[in-house]
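Chemist: Numbering (the working numbering), first residue to last: -10 to 201.
Ideal Cβ placement from N, Cα and C applies to all residues, glycine included.
The structure's right below; bear with me while I get my questions together.
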């Protein structure tokens, strides 16, 4: 069964039932011990692309926004049985032509890795029809949408589960994860997200990803 480890901030790791390892926006926390098959970077801000944390397998694929958004077109490709589709991600702090989110389809499960974004028209036009299983949405309200906007987006996308991430900026007070590592995290804000199927993940929490 596939698993998702929330490392903290905008960083998380997905491992397939067969052991394929995907990292999304490496930066925070722990859990970089497994060598990567795929690394997804939503944009080039320093708190989303610390590749020095990752041991890469010989054939590791690193995909950045510049690889997946080419001449205004969002790419979709398959790697080792995993489908990776780039989708729009933007707001006043993140330029549309420099940022992407991802839909990751792994072991029959669809994960929406939103990146740093606010509401986008794509959410209504396409994501609402995509049958997303797990949506990871930022809620810090400073560089991204706030809790209320995230609630609006979650209701439009209608995933089975919504996981609030990027709950506070990196320069705000942090919490210690299970390994004693300081990670930006605001539990009170995460718990204030009022949507059906919400899952609260603290840094270093890991869950199994269930199909319908």
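1. Using a Cβ-Cβ cut-off of 6 Å (strictly less than) and excluding sequence neighbours within five positions of residue 203, which residues of its own chain qualify?
2. Ignoring anything shorter than 3 residues, give me the beta strand (DSSP E) runs that lie fully in the region 118 to 198, in order along the chain.
3. Work out the CA separation of residue -5 and residue 13 for me, nearest whole Å.
4. Measuring CA to CA, which of 105, 143 and 156 is closest to residue 80?
5. Using the beta-carbon count (16 or more within 10 Å), is residue 60 buried or exposed?
6. Please give the ranges of any beta strand (DSSP E) in the region 28 to 112, keeping only runs that are unbroken, at least 3 residues long and fully inside the region.
7. Give me, in chain order, the residues of the same chain whose beta-carbon lies closer than 6 Å to that of residue 72; leave out the 5 immediate sequence neighbours on both sides.
8. In angstroms with no decimal places, state the Cα-to-Cα distance between residue 217 and residue 180.
9. Less than 8 Å separating the beta-carbons of residue 187 and residue 151?
10. In the DSSP assignment, what are the bridge partners of residue -3?
11. Quick check on the burial criterion: 16 or more other C-beta atoms within 10 angstroms. Buried or exposed for residue 133?
12. State the start and end residues of the unbroken beta strand (DSSP E) segment that holds residue 12.
13. Would you mind working out which of 198, 63, 44 and 128 sits nearest residue 111, comparing C-alpha positions?
14. Where does residue 25 fall in DSSP's three states?
Modeler: Let me lay it out:
1. Since the first residue shown for the chain is -10 and the last is 201, residue 203 is missing from the structure and cannot be characterised.
2. Correct list: 123 to 127, 150 to 154, 163 to 165, 171 to 173 and 195 to 197.
3. Taking the straight line from one Cα to the other gives about 10 Å.
4. For the residues 105, 143 and 156, the minimum Cα distance to residue 80 belongs to 105.
5. Residue 60 counts as exposed, since fewer than 16 other C-beta atoms from the protein chains shown sit within 10 angstroms of its C-beta.
6. Within the region 28 to 112, complete beta strand (DSSP E) segments of at least 3 residues are found at 45 to 52, 65 to 68, 71 to 77, 89 to 95 and 98 to 102, given in chain order.
7. These residues qualify, in order along the chain: 94.
8. The first residue shown for the chain is -10 and the last is 201, placing residue 217 beyond what the model contains.
9. Yes. Within cutoff.
10. Bridge partners of residue -3: 0.
11. Buried, because 16 or more other Cβ atoms sit within 10 Å of the Cβ of residue 133.
12. 10 to 13 is the span of the beta strand (DSSP E), which, as asked, contains residue 12.
13. Looking from the CA of residue 111, the closest CA among 198, 63, 44 and 128 belongs to 63.
14. The answer is strand: DSSP assigns residue 25 an E or B state.
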